[in-house]
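Per this note's numbering: the sequence shown = residues 3 to 158.
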Amino acid sequence: MAVVVNALGDIFQDGAKIAGMTTADRKGFVSAEQALLMNQYADLITGNTTIAAVFTNARLSVSDLQKVANIASTGMARCIRPVFTMADGDTVYAISLSDGDVQSDVNTIGVLASLVMEKAIARMPSSPARYPMKSISPTFDNLISDTQDQKSAISH
Numbered sequence: 003m004a005v006v007v008n009a010l011g012d013i014f015q016d017g018a019k020i021a022g023m024t025t026a027d028r029k030g031f032v033s034a035e036q037a038l039l040m041n042q043y044a045d046l047i048t049g050n051t052t053i054a055a056v057f058t059n060a061r062l063s064v065s066d067l068q069k070v071a072n073i074a075s076t077g078m079a080r081c082i083r084p085v086f087t088m089a090d091g092d093t094v095y096a097i098s099l100s101d102g103d104v105q106s107d108v109n110t111i112g113v114l115a116s117l118v119m120e121k122a123i124a125r126m127p128s129s130p131a132r133y134p135m136k137s138i139s140p141t142f143d144n145l146i147s148d149t150q151d152q153k154s155a156i157s158h
């Protein structure tokens, strides 16, 4: 997966705001949702977008890939508020790299992609690498490891 974030919306991780619209003195946050609801965003709607590409080695039809992209976009919705506004170009693409016989469930791929998407977006504000862009997306193994660590912490 590859993700580039320049969202109009605020970025949240586990319910806490970690990046987003700031006060004029840049010392605190303001709510992008509230600014939008109060029509205070007119000069903010230039160049905002979050764009992502989900790559899979599963053999999928075009309609299956559209569904994977749709499900993956829920990862954006869980951590960017607001998302998919007219001021954003938020888009998710899904691409199959396989001409072979790798079979998988569309729902499984989509849900995994949404989880990876959410983690990748949450990691963007703390990424030390801005230019040139390099991959900071979590791998599936990291995602599973993080999930198992969270479950372990909860059970102890």
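All C-beta atoms, glycine included, are put in the ideal place defined by N, C-alpha and C.
Given the structure is predicted, the values throughout are model-derived calculations rather than measurements.
Item	Value
Pairwise C-alpha distance: Met88 and Gly30	25 Å
Ser106, DSSP secondary structure in three states	coil
For Ser63, the three-state DSSP class (helix, strand or coil)	coil
Neighbourhood of Thr25 by C-beta distance below 6 Å, restricted to the same chain and skipping five residues each side	Val32
Neighbourhood of Arg132 by C-beta, 7 Å cutoff - its chain only, sequence neighbours within 5 removed	Because the pLDDT of Arg132 is 43, which lies under 50, any placement of that residue in the model is unreliable, and the number read from its coordinates should be weighed accordingly. The answer is none, since no qualifying residue turns up.
For Ala71 and Thr95, the rounded distance between their alpha carbons	The sequence as given places Tyr at residue 95; Thr does not occur at that position. Going by the C-alpha atoms only, they are around 6 Å apart.
Contact under 8 Å by Cβ, Ala37 with Ser98	no
C-alpha distance - Lys19 paired with Gly102, whole-angstrom precision	42 Å
Three-state secondary structure assigned by DSSP to Val6	strand
Beta carbon of Ala9 nearer than 8 Å to that of Val56	no
Alpha helix (DSSP H) segment containing Ala34, residue limits	34–39
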